[in-house]
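Enquirer: Got a structure for you, written out below as structure tokens; questions coming shortly.
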Amino acid sequence: MSPEIALPILIPLLSAAVSVALWRHMALQRSLAVLATGALLATGLVLLWEVWHDGILVMDMGVWPAPFGIALVADLLAAIMVVLAGFTGFAVTLYSLVSLDREHENFGYYPLLLLLLAGVCGAFLTGDIFNLFVWFEVMLIASFALLVLGGRRTQMEGGLKYVTLNLIASAIFLTAVGLLYGMVGTLNMADLSVKLAEVEEQGLVTVLSLLFMIAFGIKAAAFPLFFWLPASYHTPPVAISAVFAGLLTKVGVYALFRVFTLIFTHDVGYTHNLLLWGAGLTMLTGVLGAAAQFEFRRILSFHIISQIGYMLMGLALFTPLAVLGGIFYIVHHIVVKTNLFLVSGVARRLRGSYELRDLGGLYRSAPGLSVLFLIPALSLAGMPPLSGFFGKFILVRAGLEAGAYAIVFVALLVGLLTLYSMVKIWAEVFWKPAPESASPPPPPLRGRERLLLYAPISAMAAVTVAIGLGAAWVYDVAEAAAAQLLDPALYVEAVLGRGRLQ
Amino acid sequence: MEPLLAFVIGGLYAAALFMMLRRSIVKLVIGLMLLSNAANLLIFTAAGLTRGVPPLVPEGLTRPDGLSADPLPQALVLTAIVISFGVLAFAVVLIHRAYVAVGTDDLRRLRDTDT
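Protein sequences, first through last, are from chains A and B. Going by this note's numbering, 228 is the number at position 198 of the first sequence; the sequence numbering is gapless. Going by this note's numbering, 14 is the number at position 20 of the second sequence; the sequence numbering is gapless.
Here it is as structure tokens:
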């Protein structure tokens, strides 16, 4: 029994409730959001430390023993994801203190952000598939509101597409859960893992696994289900874009990792092969889509999609090294992608636009920002010694060992094309002379605004470099996490084993 | 009872997809409503329909006597209904605001954010 597992959910959830009560006291809301996300990061780190030392932790909610009650389970992957959610949340909260205008803050930005984090952490920690659906919905409803906060025309259009496709994904998820319950009569993931192996009609299990693949594939923005993402992620204020880019699609990826290592491993040759095709096509379409874009955040949005492909590639190859690489890639990607969005926000603050043609000359006027852009950008493209290089290196190595040469070729090609995109942004935004513009430039950054915009970006860039330089440690943690994922018996024993002992 | 409900559910899914493929935003939302209702009904049916034996524990016993209906699917459906109610309420407000902001309910004209 480890009650501290509930803390990453309770802290943001309760803070969101208190934050709503403090509706008119903006200063208090702001401090509370900073405190809560900081506490979330700290509890995440403590949780990771405990799981690293003591193995998988389980908590039965309401002291109903699993599989009858809902269990919260923290294995290494879940703990890693909670740490990343806390880190992203903390960085974005600091950033939004100065980057958001009063209008957004007054309409409940902080409560919604905290609610979003609660949903994300809940999805990471739950050990019950219906509960996973509930946390997905908590996360979605918060993200719907965040996406259209402010109510500009483009936000409404993007929001409509985002809401529709995510609701369809939820309905498919719910359908799959219903059929799963009808087939085996349980919802606990550990119990499902045991009972699905005993089902006679394995063909039906495969059909169900495909329903889950579609539902989570929409949420993870995998090919061919990604169209909602580039239509919506560039519309809200940049702090919101950044937290979406860092966390939301990764919850879908996490769910795929969880479900296709723990529950649906009966027909790996079929399901994971399908995932592999999806991974390759996701990488290619994402990166080619980005090549056609000339707006800072649209380029980055398409790159989210292509990077999702790498994570899926790790899951699809399904060897210890490949799953390890997938986890490493998720860690790297969340930090880097959030950071790139935050940088795009500073560029807009300095030049008043996201369009590449209106930007320029930032290398001359803001050399610090240029360096802070180059670190995550080159990491995204996979330049050594930054974090992305090791992520790609492990995946390529795993692909070669598994003999999947086609996907390795695609992965390397997409790395090259990513570099092209990043160089395009570099040349247009930083290198070329600033274009003559009719409107006067916004006032320069100073004091507190400068500090709070640059601190999160610098911290994330530092983490990117640290993951690159200390790759051996991250590798060790990811290796242990992958070992836990690939041995479902550990998870099952942790969740169900205690009941038999008592 | 199950075959009949199976047809009803299939009909609801079909109607939902048909509505979502129309061009009007209002019909799109109606399609989403039908879709969530179809999923709810599916959970209810897939878990098995048992008539006339409520899962009540008789006095003096600690578990229901003999066969009884499974109460869990109903709890699941209840949760799902509440969630879909909240989400759809949001969606209805959203389409109203989108209509005011964009000035059309034709999905074909909502192309500004597409790529």
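Just so you know, even glycine gets a beta-carbon here, dropped at the ideal spot from N, CA and C.
#1: Figure out for me which residue from A:A251, A:G181, A:A396 and A:L292 has the closest Cα to the Cα of A:M219.
#2: Would you say B:A74 lies against chain A (beta-carbon separation less than 8 Å)?
#3: Between the C-alpha atoms of A:P486 and B:R17, what's the straight-line distance to the nearest angstrom?
#4: Taking C-beta pairs closer than 9 Å, name the residues in chain A that B:P67 reaches, listed in chain order.
#5: Excluding five sequence neighbours on each side, which residues of the same chain lie with their C-beta closer than 8 Å to the C-beta of A:A322?
#6: State the DSSP-derived secondary structure class of A:M413, mapped to helix, strand or coil.
#7: Need the endpoints of the alpha helix (DSSP H) that A:A148 sits in, please.
#8: Across the segment 343 to 361 of chain A and the segment 369 to 386 of chain A, are there enough close Cβ pairs to call them in contact, namely three or more that are closer than 8 Å?
#9: Indicate whether at least one CB of chain A lies closer than 8 Å to the CB of B:A40.
#10: Would you give the residue range spanned by the alpha helix (DSSP H) that B:M27 belongs to?
#11: Hey, quick one: how far does the beta strand (DSSP E) through A:V88 stretch, first residue to last?
#12: Taking only beta-carbon atoms, is A:E187 less than 8 Å away from chain B?
#13: Return no unless some Cβ of chain A is closer than 8 Å to the Cβ of B:L104.
#14: Alpha carbon to alpha carbon, how far is A:A491 from A:A227?
#15: Can you have a look at A:L531 and say buried or exposed, based on whether 16 or more other CB atoms are within 10 angstroms of its CB?
#16: Measuring alpha carbon to alpha carbon, tell me which of A:G398, A:W456, A:A513 and A:P260 ends up nearest A:I335.
#17: Counting only beta-carbon separations shorter than 8 Å, does A:S451 have a partner in chain B?
#18: Where A:G92 and A:N303 are concerned, what is the direct C-alpha to C-alpha distance, given to the nearest angstrom?
#19: Which whole runs of the alpha helix (DSSP H) in the segment 62 to 103 of chain A are 4 residues long or more, in chain order?
#20: To which residues of the same chain is A:A199 closer than 7 Å at the C-beta, ignoring the five residues directly before and after it?
#21: The alpha helix (DSSP H) that contains A:H55, what's its start and end?
#22: What would DSSP say about A:P260, mapped onto helix, strand or coil?
#23: In angstroms with no decimal places, state the Cα-to-Cα distance between A:Y393 and A:R379.
#24: What residues of chain B sit near A:I171, judged by a beta carbon separation below 7 Å?
#25: Please report whether the beta-carbon of A:L197 lies at a distance below 8 Å from any beta-carbon of chain B.
#26: Starting from the C-beta of B:I37, find all residues in its chain whose C-beta is less than 8 Å away, skip the five residues before and the five after it, and write them out in chain order.
#27: How is A:E385 classed by DSSP in three states: helix, strand or coil?
#28: Would you verify that the beta carbon of A:G181 is, or is not, closer than 8 Å to some beta carbon of chain B?
#29: From the DSSP output, in three-state form, read off A:Q532 for me.
#30: Starting from the C-beta of B:L(-1), find all residues in its chain whose C-beta is less than 6 Å away, skip the five residues before and the five after it, and write them out in chain order.
#31: Identify whether A:E540 lies in helix, strand or coil by the three-state DSSP scheme.
#32: Quick check on this structure: which residue in A:L318, A:W461, A:L87 and A:T205 has the alpha carbon closest to the alpha carbon of A:G527?
#33: Taking C-alpha atoms, which residue in B:V96, B:F79 and B:R91 lies nearest to B:N34?
#34: Going along the chain, which residues of the segment 22 to 35 of chain B sit with their C-beta nearer than 7 Å to a C-beta in chain A?
#35: How is the alpha helix (DSSP H) around A:G445 delimited, first residue to last?
Expert: Working from what's here:
#1: Taking the first sequence and counting its residues from 1, one reaches residue 219 of chain A at position 189. Nearest option by C-alpha distance: A:L292.
#2: Your numbering for residue 74 of chain B matches position 80 in the second sequence. Yes, contact with chain A.
#3: In the first sequence, the residue the question calls residue 486 of chain A occupies position 456. In the second sequence, the residue the question calls residue 17 of chain B occupies position 23. Going from the Cα of A:P486 to the Cα of B:R17 covers about 43 Å.
#4: For this step, residue 67 of chain B is matched to residue 73 along the second sequence. In chain order: G208, Y211 and G212.
#5: Within the first sequence, numbered from 1, the residue matching residue 322 of chain A stands at position 292. Counting only Cβ-Cβ distances below 8 Å, and skipping sequence neighbours, we find nothing.
#6: Numbered from 1 along the first sequence, position 383 holds the residue referred to as residue 413 of chain A. It is coil, neither helix nor strand.
#7: Here residue 148 of chain A is taken as the residue at index 118 of the first sequence, counted from 1. Taken as a continuous stretch (DSSP letters only), the alpha helix (DSSP H) holding A:A148 covers Y139 to L155.
#8: no
#9: Working through the second sequence from its first residue, we reach residue 40 of chain B at position 46. Yes, because at least one Cβ of chain A sits closer than 8 Å to the Cβ of B:A40.
#10: The residue labelled residue 27 of chain B in the question sits at position 33 within the second sequence. From DSSP, the alpha helix (DSSP H) with B:M27 extends over I19 to A40.
#11: Taking the first residue of the first sequence as position 1, residue 88 of chain A is located at position 58. First-last of the beta strand (DSSP E) with A:V88: L87 to D90.
#12: Position 157 of the first sequence, counted from the start, is the residue given in the question as residue 187 of chain A. With 8 Å as the cut-off, A:E187 counts as an interface residue toward chain B.
#13: Locating residue 104 of chain B in the second sequence gives position 110, where the first residue counts as 1. Closer than 8 Å to some Cβ of chain A, the Cβ of B:L104 qualifies, so yes.
#14: Position 461 of the first sequence, counted from the start, is the residue given in the question as residue 491 of chain A. Position 197 of the first sequence, counted from the start, is the residue given in the question as residue 227 of chain A. So the alpha carbons of these two residues sit roughly 45 Å apart.
#15: As a first step, residue 531 of chain A must be located in the first sequence, where it is residue number 501. In this predicted model, A:L531 has a pLDDT of only 43, less than 50, meaning its place in the structure is not dependable; the value taken from the coordinates is given anyway. Classification of A:L531: exposed, given that the 10 Å Cβ count is below 16.
#16: Position 305 of the first sequence, counted from the first residue, corresponds to residue 335 of chain A. That would be A:P260, whose Cα lies nearest to the Cα of A:I335.
#17: Here residue 451 of chain A is taken as the residue at index 421 of the first sequence, counted from 1. Chain B, which has no Cβ nearer than 8 Å to the Cβ of A:S451, makes this no.
#18: Indexing the first sequence from 1 puts residue 92 of chain A at position 62. Indexing the first sequence from 1 puts residue 303 of chain A at position 273. The straight-line gap from Cα to Cα measures roughly 40 Å.
#19: none
#20: The residue given as residue 199 of chain A occupies position 169 in the first sequence. Only A245, I248 and K249 meet the Cβ criterion.
#21: If you number the first sequence from 1, residue 55 of chain A lands on position 25. Note, A:H55: premise wrong, no alpha helix (DSSP H); not H, not E.
#22: Walking along the first sequence from the start, residue 260 of chain A turns up at place 230. The answer is helix: DSSP assigns A:P260 an H, G or I state.
#23: For this step, residue 393 of chain A is matched to residue 363 along the first sequence. For this step, residue 379 of chain A is matched to residue 349 along the first sequence. Straight-line Cα distance between these residues: approximately 15 Å.
#24: As a first step, residue 171 of chain A is located in the first sequence; it is residue number 141 there, counting from the start. Those are G80, V81 and F84, listed as they occur along chain B.
#25: As a working mapping, residue 197 of chain A is identified with position 167 in the first sequence. So yes, A:L197 belongs to the interface.
#26: The residue given as residue 37 of chain B occupies position 43 in the second sequence. So the qualifying residues of the chain are P67, L70, V71 and A74.
#27: Indexing the first sequence from 1 puts residue 385 of chain A at position 355. Of the three classes helix, strand and coil, the one that applies to A:E385 here is strand, per DSSP.
#28: Counted from its first residue, the first sequence places residue 181 of chain A at position 151. Yes, A:G181 counts as interfacial toward chain B.
#29: In the first sequence, the residue the question calls residue 532 of chain A occupies position 502. Residue placement at A:Q532 is poorly supported in this model, since its pLDDT is 41, which falls under 50; the coordinates still yield a value, given next. If DSSP states are grouped into helix, strand and coil, A:Q532 belongs with coil.
#30: Stepping through the second sequence from its first residue, residue -1 of chain B is reached at position 5. For B:L(-1), where only same-chain residues beyond five positions count, the Cβ hits under 6 Å are T39.
#31: Because chain A spans 31 through 532 in this model, residue 540 of chain A falls outside it and cannot be assessed.
#32: Translated into the one-based positions of the first sequence, residue 527 of chain A becomes position 497. Taking only the C-alpha atoms, the option nearest A:G527 is A:L87.
#33: The count along the second sequence starts at 1 and reaches residue 34 of chain B at position 40. B:N34 has its Cα closest to that of B:F79, out of B:V96, B:F79 and B:R91.
#34: L22, L26, L29, S30 and A33
#35: Translated into the one-based positions of the first sequence, residue 445 of chain A becomes position 415. That run of the alpha helix (DSSP H) goes Y435 to I455.
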